[in-house]
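There are 2 protein chains.
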Amino acid sequence: MIQTPYLLFLGDAPDQLAAKVAQGIRDWRPENAVGQFRLPGCNVSVGLQDMTLAEAHAAGARTLVIGVANRGGVISAAWQAVLIEALEMGFDLASGLHNLLRDEPALAAAAAAHGRTLHDVRIPSVKYPIADGKPRSGKRVLAVGTDCSVGKMYTALALDAEMRARGLKSTFRATGQTGILITGDGVPLDAVVADFMAGSIEYLTPPNDPDHWDIIEGQGSLFHVSYSGVTLALVHGGQPDALILSHEPTRPHMRGLPEYAMPGLEELRDVALTLARVANPACQVIGVSVNTQHLGEDEARACLSEIEARMGLPTVDPFRHGAGRLADALSAI
Amino acid sequence: MIQTPYLLFLGDAPDQLAAKVAQGIRDWRPENAVGQFRLPGCNVSVGLQDMTLAEAHAAGARTLVIGVANRGGVISAAWQAVLIEALEMGFDLASGLHNLLRDEPALAAAAAAHGRTLHDVRIPSVKYPIADGKPRSGKRVLAVGTDCSVGKMYTALALDAEMRARGLKSTFRATGQTGILITGDGVPLDAVVADFMAGSIEYLTPPNDPDHWDIIEGQGSLFHVSYSGVTLALVHGGQPDALILSHEPTRPHMRGLPEYAMPGLEELRDVALTLARVANPACQVIGVSVNTQHLGEDEARACLSEIEARMGLPTVDPFRHGAGRLADALSAI
Numbered sequence: 000m001i002q003t004p005y006l007l008f009l010g011d012a013p014d015q016l017a018a019k020v021a022q023g024i025r026d027w028r029p030e031n032a033v034g035q036f037r038l039p040g041c042n043v044s045v046g047l048q049d050m051t052l053a054e055a056h057a058a059g060a061r062t063l064v065i066g067v068a069n070r071g072g073v074i075s076a077a078w079q080a081v082l083i084e085a086l087e088m089g090f091d092l093a094s095g096l097h098n099l100l101r102d103e104p105a106l107a108a109a110a111a112a113h114g115r116t117l118h119d120v121r122i123p124s125v126k127y128p129i130a131d132g133k134p135r136s137g138k139r140v141l142a143v144g145t146d147c148s149v150g151k152m153y154t155a156l157a158l159d160a161e162m163r164a165r166g167l168k169s170t171f172r173a174t175g176q177t178g179i180l181i182t183g184d185g186v187p188l189d190a191v192v193a194d195f196m197a198g199s200i201e202y203l204t205p206p207n208d209p210d211h212w213d214i215i216e217g218q219g220s221l222f223h224v225s226y227s228g229v230t231l232a233l234v235h236g237g238q239p240d241a242l243i244l245s246h247e248p249t250r251p252h253m254r255g256l257p258e259y260a261m262p263g264l265e266e267l268r269d270v271a272l273t274l275a276r277v278a279n280p281a282c283q284v285i286g287v288s289v290n291t292q293h294l295g296e297d298e299a300r301a302c303l304s305e306i307e308a309r310m311g312l313p314t315v316d317p318f319r320h321g322a323g324r325l326a327d328a329l330s331a332i
Numbered sequence: 000m001i002q003t004p005y006l007l008f009l010g011d012a013p014d015q016l017a018a019k020v021a022q023g024i025r026d027w028r029p030e031n032a033v034g035q036f037r038l039p040g041c042n043v044s045v046g047l048q049d050m051t052l053a054e055a056h057a058a059g060a061r062t063l064v065i066g067v068a069n070r071g072g073v074i075s076a077a078w079q080a081v082l083i084e085a086l087e088m089g090f091d092l093a094s095g096l097h098n099l100l101r102d103e104p105a106l107a108a109a110a111a112a113h114g115r116t117l118h119d120v121r122i123p124s125v126k127y128p129i130a131d132g133k134p135r136s137g138k139r140v141l142a143v144g145t146d147c148s149v150g151k152m153y154t155a156l157a158l159d160a161e162m163r164a165r166g167l168k169s170t171f172r173a174t175g176q177t178g179i180l181i182t183g184d185g186v187p188l189d190a191v192v193a194d195f196m197a198g199s200i201e202y203l204t205p206p207n208d209p210d211h212w213d214i215i216e217g218q219g220s221l222f223h224v225s226y227s228g229v230t231l232a233l234v235h236g237g238q239p240d241a242l243i244l245s246h247e248p249t250r251p252h253m254r255g256l257p258e259y260a261m262p263g264l265e266e267l268r269d270v271a272l273t274l275a276r277v278a279n280p281a282c283q284v285i286g287v288s289v290n291t292q293h294l295g296e297d298e299a300r301a302c303l304s305e306i307e308a309r310m311g312l313p314t315v316d317p318f319r320h321g322a323g324r325l326a327d328a329l330s331a332i
């Protein structure tokens, strides 16, 4: 539905975490992006060639994808100027921001004037049901994090890729704008109305073959007070048979919440498993995924070994070392 | 904003739990309701005089309030006929249903033709912030339930009334349509977009005098898989200093979920307190409220005594016996 290839708009993103959308597309569908576009003050790169709008258009790009997420989400005047120029040049726009492209009068007018399309992938396109909690055939795995943005989506994408490479039945189920932009389908869970959150996840992960795995993209954290309700809806709507604990070992405090210390993996295990077993009494924790991007190779190996010994669970950085051991653990269920 | 007094519309409600809105108005603002209106097949009464629309209008009623909640919420043809007749007769309509009065073309047309107002109290009227988790002055108490519809709102209303009767600073904070219809203010939490749930509760319960108590209306249950995410947003957005455990001892299974057994009060205490202490490490469980409406007086007393001995907490049915002991426990914090 969204025309490829993309030019990835990085705006004036202050830090790499803010560029999760662009990085995800770059890592998992690199063939879909011809380059990146940065404004002055941008402190981020996703490793693609910097291009002007004209260069990207000449290289075949058809959609300018907003590759950065702002807390609260505001489309600044500096952004608007670029986006309007892109529409005038013939680009469609795609965005997962809270504040919608279609709600910006200048963008809506420019899109209409030039016959371009504004894709707001954050907006649910389905009227989701209220969850009924009924057991469903097929198997499901969910990554739950000590914090937001600790690598849950990467873990799911890497595990899905590994499962499919082994010839196993597996589907990545996107629950956020990045995953939806990557796969073209999914539930924009954080934009779903509260009463329908768990139902949207039941809808996303319907009954399936007994040997099929839904690899459900996690959101937020049970310990992140801004978004914990979203996470619990995933845990109860997804009815996971398996949980993976996700962690980022260098984070000084909960993301965006300087007053809040990170929980330990043991706390996460106990709380997540207790809650998951309400919906699926057979649920197990099958492994730990650690985002070691801020550690050197030796440090990363030492960190993984320490956690593996302490937790008694296969512990990997799936992006750095592959998701093979997590796939092994799933296959053993 | 909503013109009083009301006529309470009970429709063809199948059971008393479905009439929570009407019953709440009847119990807490009886001066606002002149009577009740029932369709054939209605199995519910809130103990008011049955009236035709004409009788109620003659008695001074100005707004027909939809006093029943449907799971999923559908305005049937039988309901529509009455609602249109009411608009023609000069009533405004007020509703907390998911499907909005304003979205029904026939109702919107009749309201426009007759100059009447459709109040959809379920719709948020505020753009809520994302929660920032910062500690706030003042104190807050939240009732959390083993299940939905176990008396959390009644507990909060009764406790608020008792606190105010003692001359203490107390505000009931409505989080659902019934509470909003009763008090005229609040957050319709189950209709808030997922990312803003916890922020809406921070907005609802702002910094206050150190000796002021917000009595926050609970929603759902951490153990009810359809709505648990809403409950966790309340726990983390509300930052309660005190929790009250709410229970209905005769419920055979979780409401609407025949596959799900009710949790014990001990399980609820452990899970709720663990999660609440993420946002407020000083949080305490200060009492238990039991909805004994389906028990005789002796049975109720025995049930309360048994739970009190087992849990080591003041245990009352606040609607039946008053909320004095809960107010005592709050005052001791």
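From first to last, the protein sequence lines stand for chains A and B. Take the first sequence: its position 160, counted from the start at 1, is 159 in numbering that gives the first Met the number 0, and no numbers get skipped. Take the second sequence: its position 11, counted from the start at 1, is 10 in numbering that gives the first Met the number 0, and no numbers get skipped. From the three backbone atoms N, C-alpha and C, an ideal C-beta is built for every residue, glycine too.
The beta strand (DSSP E) runs lying completely inside the segment 200–245 of chain A and spanning 3 residues or more are 211–215, given in chain order. It is roughly 20 Å from the alpha-carbon of L312 of chain A to the alpha-carbon of P280 of chain A. The beta carbon of G286 of chain B is closer than 6 Å to those of I243, L312, P313, L325, A328 in its chain, skipping five residues each way along the sequence.
Looking at the DSSP output, I65 of chain A bridges to A:F8. Rounded to the nearest angstrom, the gap between the Cα atoms of L52 of chain B and H97 of chain B is 24 Å. If you look at I285 of chain B, you'll find it in the beta strand (DSSP E) that goes 283–289.
In the structure shown, the three-state DSSP call for G23 of chain B is helix. Comparing C-alpha distances from V140 of chain B to each of B:D189, B:R115, B:A173, B:F318 shows the shortest one belongs to B:A173. Ranked by Cα distance from E298 of chain B, the options B:V284, B:R309, B:C282, B:D316 are led by B:D316. R268 of chain A: member of the alpha helix (DSSP H) spanning 264–278, first to last residue. Using a CB distance cut-off of 8 Å, G228 of chain B counts as an interface residue toward chain A. Listed by position along chain B, the residues whose Cβ is nearer than 8 Å to that of S44 of chain A form an empty set, because the closest Cβ is around 27 Å away. With its beta carbon at least 8 Å from every one in chain A, L158 of chain B lies outside the interface.
Under the Cβ criterion of 8 Å, K133 of chain A is counted among the residues facing chain B. Using a C-beta cut-off of 8 Å, the segment 10–19 of chain A makes contact with the segment 32–42 of chain A, since at least three inter-stretch Cβ pairs fall below that distance. Counting C-beta pairs with one atom in each stretch, the segment 246–260 of chain B and the segment 143–154 of chain B have three or more that are closer than 8 Å, which means they touch. Contact of I179 of chain A with chain B is not assigned, every C-beta pair being separated by 8 Å or more. G144 of chain A: member of the beta strand (DSSP E) spanning 138–144, first to last residue. Taking the C-beta atoms as reference points, L264 of chain B is found nearer than 8 Å to M310 of chain B. Under the Cβ distance rule, A173 of chain B does not count among the residues neighbouring chain A, no pair being separated by less than 8 Å. Proximity of T116 of chain A to chain B, defined by a Cβ-Cβ separation below 8 Å, is not satisfied. In the pairwise beta carbon analysis, the segment 185–197 of chain B is classified as touching the segment 219–231 of chain A: at least three pairs are separated by under 8 Å. Note on R115 of chain A: 16 or more other CB atoms within 10 angstroms of its CB, so buried under the neighbour-count rule. Against chain B, a Cβ distance below 9 Å from V120 of chain A picks out nothing, because the smallest value is about 15 Å. At a C-beta separation below 8 Å, L242 of chain A has no neighbours in chain B, since its nearest C-beta there lies roughly 16 Å away. Take the alpha-carbon of L7 of chain A and the one of D26 of chain A: they are about 13 Å apart. With fewer than 16 other beta carbons inside 10 angstroms of its own, M0 of chain A counts as exposed.
At least one CB atom of chain A sits nearer than 8 Å to the CB of M196 of chain B.
Counting only residues of its own chain and dropping the five nearest sequence neighbours on each side, K138 of chain A has a CB closer than 6 Å to the CB of W212, D240.
Proximity to V234 of chain B across A:F222, A:H113, A:G236 peaks at A:F222, based on C-alpha coordinates. Between the alpha carbons of A93 of chain B and A108 of chain A lies a distance of about 37 Å.
E266 of chain A is not a Cβ neighbour of G132 of chain B, given a cutoff of 8 Å. Take the alpha-carbon of Q238 of chain A and the one of A331 of chain A: they are about 18 Å apart. At a cut-off of 8 Å, the C-beta of A130 of chain B has a neighbouring C-beta in chain A. Contact check for G34 of chain A against A68 of chain A fails: the beta carbons are separated by 8 Å or more.
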